[in-house]
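A.B. asks:
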Amino acid sequence: MDRANTKIAVVGTGVIGAGWAVHFLAQGFEVVATDPAPGAEARLREWVDDYWPAVEALGLAEGASKDQLSFTTDVAQAVRDAAFIQESGPERLEVKHALIATIESAAKADVLIASSSSGLSVSEIQAGARHPERIVLGHPFNPPHLIPLVEVGGGKLTSAESVTKAIAFYVSTGKKAIRINKEVKGHIANRLQVALWQEAISLVQKGVASVEDIDTAISYGPGLRWALLGPFINLHASGGAGGITHLLQHLGASQREWARDLGQYPETDDYIEQIARGVDDELKGRDFAAMLRERDELLVQLIATKASKVQIP
Ligand SMILES: NC(=O)c1ccc[n+]([C@@H]2O[C@H](COP(=O)([O-])OP(=O)(O)OC[C@H]3O[C@@H](n4cnc5c(N)ncnc54)[C@H](O)[C@@H]3O)[C@@H](O)[C@H]2O)c1
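Counting with this note's numbering, you get residues 753 to 1065 for the letters of the sequence shown.
Shown next as C-alpha cells:
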C-alpha cells in the first residue's frame, strides 16, 4: 500500500478524532479531516503540533508528515476518495445516522466505515444504512495516537469479512486490535474498568480505604503488571508450575467468596461528593497539569520499551 497516496478520512475532530488524525499521519497516510465546528481546523492543527513530539518519539512511518493533513467542512468531500473512514462525531444516535447517510452518499460502497463510539452499538448505528455490512466498531482508547488498543466488532448487519479487514488494517498501522465477538454495552476494556471502579467506589463508601490509598493500590500494585501482561497471564504466572489451573483450584474458592462480598455501583449520585473530596485531598500540593505531562512522558517510554520486547505480546 502506498500510504502517502492513501487517504484516510477522519470525520469529527474533537478529542478522539484529533488523536486518530495524528495516528494516521504518523503512520504515513494522507489524512482528510472534517468537522463543522467553528475554528475546528485551527484547533486540530494546534493539537497535531502538540502531539507530534510524542508520536515522533514512538517512531514515525516512512514519509509521515504533518503536511499530509488537509481539512474540509464538507463531510462528503472528505470521504470521497478515502480508503478507510474513521467516524468520531458526537455520541448521539441521530447525529451518527445523519453522518452515515452523508458518508454513504459520497464514499465508495466497499470502503470500511469505523465508528469510535464508546456507548452506541454498531447495530444501532448501522440501522438504515445503504451498505451496513461495511460498518464496524473501531473503538480507541484516549489518546488514540498513543494508546495502542482498538476494539473492533460488528453489528447485526456487519459482514465478518469487514471486521477481519478492519482488524488487519488497524494492525498494519501499529494498533493492537481485539475482536469483539458479541455486541455488549460498553465493549470490553471499559467494562473491565467499570468493574474496578465499582469496587473502588464501594471500598471508599464503606470506609475501608481512602481514595488516595486505592489509587496507590492499583498504580503501585497490580496496575504495574497489568500494563505489561493481562489479568489472565498474570494469574497464570502466580500459579507457579501448575499455572492458572492450579491457581484457580487453589484460590478460586476464596476469590468466589470475595466476589460475593463486592459492592454494587451506587444507584444515586450521592457518592460523587465523597469521591471528589478524596481526589482533592490526593492532589493537594501537586501540580496536576505537570503530573499529566509526566504521565504522558512515561507512557511513551513504556509503549516504546514494550514494543522492543520479543515475548511480551
Ligand atoms: N472521549 C473519550 O474518551 C472517548 C474514547 C473513545 C471513544 N470515544 C467516542 O468518540 C466519539 C467522539 O468523542 P469525543 O470525545 O471526541 O467528542 P468531542 O465532542 O470532543 O468531538 C466530537 C466532534 O464532532 C464534531 N461534529 C459535530 N457534528 C459533526 C458532523 N456532522 N460531522 C463531523 N463532525 C461533527 C464536533 O464539532 C466535535 O469536534 C464518540 O462517539 C465517543 O463515544 C470517546
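Every residue gets a Cβ at the ideal spot worked out from N, C-alpha and C, and that includes glycine.
Mind reading off the beta-carbon distance from Pro781 to Arg797? Whole number of angstroms is fine, and I expect it under 8 Å.
C.D. replies: As a position in the sequence shown, residue 781 is number 29, starting the count at 1. As a position in the sequence shown, residue 797 is number 45, starting the count at 1. For clarity, residue 781 is Phe in the given sequence; the question names Pro instead. No, Phe781 and Arg797 are not in contact; Cβ-Cβ is about 17 Å, not under 8 Å.
A.B. asks: Evaluate Tyr803 with the Cβ neighbour count: other Cβ atoms within 10 Å of its Cβ, from every protein chain shown; 16 or more gives buried, anything less gives exposed.
C.D. replies: For the purposes of this step, residue 803 is taken as residue 51 along the sequence shown, with counting starting at 1. It counts as buried.
A.B. asks: My parser needs the alpha helix (DSSP H) runs of 4 or more residues fully inside the region 758 to 789; what are they?
C.D. replies: 767 to 778
A.B. asks: Exposed or buried, which one is Val1031 when buried takes at least 16 other CB atoms within 10 Å?
C.D. replies: On the sequence shown, position 279 is the one that residue 1031 refers to. Exposed, by the Cβ-count rule.
A.B. asks: What are the boundary residues of the beta strand (DSSP E) that includes Pro892?
C.D. replies: Here residue 892 is taken as the residue at index 140 of the sequence shown, counted from 1. Where Pro892 is concerned, the enclosing beta strand (DSSP E) stretches over Ile887 to Pro892.
A.B. asks: Out of curiosity, what's the CA-to-CA distance linking Lys1061 and Thr854?
C.D. replies: Against the sequence shown, residue 1061 aligns to sequence position 309. Against the sequence shown, residue 854 aligns to sequence position 102. Looking at the two C-alpha atoms, the distance is approximately 44 Å.
A.B. asks: Determine which residues share a DSSP beta bridge with Phe823 and list them.
C.D. replies: On the sequence shown, residue 823 is found 71 positions in, with the first residue counted as 1. Its beta-bridge partners are Ala785.
A.B. asks: Would you mind giving the Cβ-Cβ distance between Lys937 and Pro900, rounded to the nearest angstrom? I have them listed as a contact below 8 Å.
C.D. replies: Here residue 937 is taken as the residue at index 185 of the sequence shown, counted from 1. Here residue 900 is taken as the residue at index 148 of the sequence shown, counted from 1. Contact check for Lys937 and Pro900: beta-carbon distance about 23 Å, past the 8 Å limit, so the pair fails to qualify.
A.B. asks: When DSSP labels each residue in this structure, what does Gly1030 get in the three-state scheme?
C.D. replies: Position 278 of the sequence shown holds residue 1030. It is helical.
A.B. asks: List the endpoints of the continuous alpha helix (DSSP H) containing Arg943.
C.D. replies: Taking the first residue of the sequence shown as 1, we reach residue 943 at position 191. First-last of the alpha helix (DSSP H) with Arg943: Ala941 to Gln957.
A.B. asks: Using only alpha-carbon positions, find the residue among Lys818, Met753, Glu814 and Asp965 that is nearest to Ala770.
C.D. replies: Here residue 770 corresponds to residue number 18 of the sequence shown, with the count starting at 1. Nearest of Lys818, Met753, Glu814 and Asp965 to Ala770, Cα basis: Lys818.
A.B. asks: Over the uninterrupted alpha helix (DSSP H) stretch that includes Ser875, give me the two end residues.
C.D. replies: Walking along the sequence shown from the start, residue 875 turns up at place 123. It spans Val874 to Gln878 - the alpha helix (DSSP H) in which Ser875 sits, taken as one unbroken run.
A.B. asks: Taking the C-alpha atoms as reference points, what is the distance between Asp1022 and Ile877?
C.D. replies: Along the sequence shown, one-based indexing puts residue 1022 at 270. Along the sequence shown, one-based indexing puts residue 877 at 125. Rounded to whole angstroms, Asp1022 to Ile877 spans 33 Å at the Cα level.
A.B. asks: May I ask you to verify whether the region 826 to 846 touches the region 757 to 773, counting CB pairs closer than 8 Å and requiring at least 3?
C.D. replies: yes
A.B. asks: What number of angstroms, rounded off, separates the C-alpha of His998 from the C-alpha of Ala989?
C.D. replies: Position 246 of the sequence shown, counting from 1, holds the residue named residue 998. Position 237 of the sequence shown, counting from 1, holds the residue named residue 989. If you take the alpha carbons of His998 and Ala989, they lie about 11 Å apart.
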